[in-house]
Amino acid sequence: INECFEYPCENGLCKNTRGSYECVCLEGWIGKHCEIDVNECNYGNICGSRGTCENTPGSFRCTCPAGLTGKHCDSGDQFELK
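In the UniProt record's numbering, the protein residues as written are 1 to 82.
Put into structure tokens, the structure is as follows:
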């Protein structure tokens with residue numbers, strides 16, 4: 001019997017085991033059925049010290065201040081004031 005047909009994993013891959021099943025969650029999800037969204041914004045300065053973090057289903061989005069870019073607001077134009 002394949003229990004994966006009966007107990008699907010919401011945001012992960014189902015691994016059939018002897019008499020049961022196991023969910024292997026995709027990144028950004030936890031829980032027995034991968035049904036709980038991880039709030040990455042709770043993990044320190046994920047958007048750098050000046051970016052603003054917004055949790056999204058299974059991921060996050062950073063809003064970067066002027067001059068900074070990248071998924072974590074960790075890159076941008078390097079310039080020198082004269």
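Note that CB positions come from ideal geometry on N, CA and C, so glycine has one too.
Histidine 64 versus glycine 51 - alpha carbon distance: Reading off the sequence shown, one finds cysteine at residue 64, where the question assumed histidine. When rounded, the distance between both Cα atoms is 5 angstroms.
Could you check the C-alpha separation between cysteine 62 and glutamate 10 for me, to the nearest Å? 25 angstroms
Return helix, strand or coil for asparagine 39, following the three-state DSSP convention. coil
Supposed contact pair cysteine 25 and cysteine 34 - C-beta distance, whole angstroms, cut 8 angstroms: 4 angstroms
How many Å lie between serine 59 and glutamate 27 at the Cα? 8 angstroms
Selected residue, minimal CA-CA separation from glycine 19, among Gly31, Phe5 and Leu13: Phe5
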